[in-house]
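Working notes, beginning with the structure itself.
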Amino acid sequence: MSAPSPFLVLSVAAAAMLASCASPDKVADTGEWIELQPGIMIDSARHLVAIDGSVAVDTHDPDTPHVYLEVVACTPDTREHEALVVTPITPSSLHAALLAAGFEPGSDATIDVRLEYDGRRDVPSSWITNAETGEAYPTDAYVFRGSRMVEFRGRPFYDADGTGVVISLATFPSAVIAPERTFSPEASIEAPVWIANAANMPARTTPVRIVLSRPDGVRN
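Numbered by the working numbering, the letters in the sequence shown go through residues 29 to 248 in order.
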């Protein structure tokens, strides 16, 4: 018998996540948040997923005025030096949570991304600016790419669990979520211009909740 598809395993994991939560039927009926795992919340009725993290970079240090960015969110000890948010969640668990909330991976699986902190709501583009022109990042439309499966020590492995790329800006095939418009992370191909917007960003380590929603869902 052949081994099950790794993505089927993720679908089963999504179902198991819901089954392990108290009163999943009530949650689906009333649209309440439940915590699937530490740092990952889901509101399946409204097609919402939220992950907890904190501001990854110090944009207010006068000695480092330009923090060049390649990702919106990453896991610890990976790309914090070029990320807006660092989150302790496991990327494959986020994939399962998105499936459980009714998201489908693919080129048409658009996701709205919101940043909540200190009682405020922002979008990633407000935290990103062009170092040369001062304009904001041109999109807040993201896509559920779903990362990819790679072989590691002879076994299939969810790539984002290794690379730590949760939400990308640059083109990273391992990203769980990516903007519709990406750019090359190689400076020899495309000169880096996108930096953290110090005027709008809170201090490093400020708690941040990233809320992911479907465009046809409820976002409040």
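Even for Gly, the Cβ is constructed at its ideal location relative to N, Cα and C. Predicted model, so just to flag it, every value in this text is computed and none were measured.
- Task: Please report the residue range of the beta strand (DSSP E) in which Thr157 lies.
- Result: Position 129 of the sequence shown, counted from the start, is the residue given in the question as residue 157. That run of the beta strand (DSSP E) goes 156-158.
- Determine, using beta carbons only, whether Thr138 and Ala169 come nearer to each other than 8 Å. Reading the sequence shown from its first residue, position 110 is the one you call residue 138. Reading the sequence shown from its first residue, position 141 is the one you call residue 169. Result yes, Cβ atoms of Thr138 and Ala169 sit closer than 8 Å.
- Query: Rounded to whole angstroms, how far is the Cβ of Pro116 from the Cβ of Thr103, which I believe are closer than 8 Å?
  - Reply: Looking up residue 116 in the sequence shown gives position 88. Looking up residue 103 in the sequence shown gives position 75. Indeed, because the Cβ distance is near 7 Å, the residues count as touching under 8 Å.
- Message: Using only the alpha-carbon positions, how far apart do Ser202 and Asp187 sit?
- Response: Counted from its first residue, the sequence shown places residue 202 at position 174. Counted from its first residue, the sequence shown places residue 187 at position 159. Their Cα atoms are separated by approximately 5 Å.
- Message: Going residue by residue through the stretch 152-213, where are the continuous beta strand (DSSP E) segments of at least 3 residues, counting only ones entirely within it?
- Response: 156-158, 169-172, 177-180, 183-186, 193-196, 205-207
- Identity of the residue in Trp155, Thr191, Ser175, Glu108 nearest Arg142 by Cα: Mapped onto the sequence shown, residue 142 falls at position 114. Comparing Cα-Cα distances from Arg142 to each of Trp155, Thr191, Ser175, Glu108, the minimum goes to Trp155.
- Query: Secondary structure at Leu143, three-state DSSP: helix, strand or coil?
  - Reply: For the purposes of this step, residue 143 is taken as residue 115 along the sequence shown, with counting starting at 1. Strand.
- Task: Look at the alpha carbon of Gly182 and the alpha carbon of Gly190, and state the distance between them as a whole number of angstroms.
- Result: Position 154 of the sequence shown holds residue 182. Position 162 of the sequence shown holds residue 190. Approximately 15 Å, taken between the alpha carbons.
- Query: Considering only C-alpha positions, which residue in the set Leu126, Ala231, Asp86 is nearest to Glu63?
  - Reply: Your numbering for residue 63 matches position 35 in the sequence shown. Checked all of Leu126, Ala231, Asp86; the closest Cα to Glu63 is Leu126.
- Message: In the DSSP assignment, the alpha helix (DSSP H) including Leu64 goes from what residue to what residue?
- Response: Here residue 64 refers to the residue found at position 36 when the sequence shown is read from its first residue. Note, Leu64: premise wrong, no alpha helix (DSSP H); beta strand (DSSP E) at 62-65.
- Relative to the alpha-carbon of His75, which residue among Asp140, Ala84, Ile195, Met229 has its alpha-carbon at the smallest distance? Here the question's residue 75 lines up with position 47 in the sequence shown. Residue Asp140 is the option with its Cα nearest to His75.
- Query: Going by alpha carbons, who is nearest to Tyr96 out of Glu60, Glu214, Glu144?
  - Reply: Against the sequence shown, residue 96 aligns to sequence position 68. Here the closest residue by C-alpha is Glu214.
- Item | Close-in-space but distant-in-sequence residues of the same chain around Ser120 (CB under 6 Å, 5 per side omitted) | The residue you call residue 120 lines up with position 92 of the sequence shown. Excluding sequence neighbours, Ser120 sits near Tyr186, Asp189.
- Query: Roughly how many angstroms separate the alpha carbons of Asp66 and Arg237, rounded to a whole number?
  - Reply: Within the sequence shown, numbered from 1, the residue matching residue 66 stands at position 38. Within the sequence shown, numbered from 1, the residue matching residue 237 stands at position 209. Here residue 66 is Pro; the residue named in the question, Asp, does not match the sequence. Cα to Cα, Pro66 sits roughly 13 Å from Arg237.
- Message: If I follow the unbroken beta strand (DSSP E) through Ala101, where does it start and stop?
- Response: Here residue 101 is taken as the residue at index 73 of the sequence shown, counted from 1. Element bounds for Ala101: 99-102.
- Message: Assuming the contact rule is C-beta atoms closer than 8 Å, Pro220 and Thr167 should be a hit. Round their C-beta distance to whole Å, please.
- Response: Counting from one through the sequence shown, the residue named residue 220 turns up at place 192. Counting from one through the sequence shown, the residue named residue 167 turns up at place 139. About 17 Å separates the two Cβ atoms, so there is no contact after all.
- N- and C-terminal bounds of the beta strand (DSSP E) containing Pro235: Along the sequence shown, read from residue 1 onward, the residue named residue 235 stands at position 207. Pro235 -> beta strand (DSSP E) spans 235-241.
- Query: Taking all protein chains shown into account, do 16 or more other C-beta atoms lie within 10 angstroms of the C-beta of Ile68, making it buried, or fewer, making it exposed?
  - Reply: Working through the sequence shown from its first residue, we reach residue 68 at position 40. It counts as buried.
- Query: What are the start and end residues of the alpha helix (DSSP H) that includes Ser120?
  - Reply: Here residue 120 refers to the residue found at position 92 when the sequence shown is read from its first residue. Its alpha helix (DSSP H) spans residues 119-128.
- In terms of alpha-carbon separation, which member of Trp222, Arg242, Thr233, Thr234 lies closest to Pro93? Start at 1 with the first residue of the sequence shown, and residue 93 comes out as number 65. The candidate whose alpha carbon is nearest that of Pro93 is Trp222.
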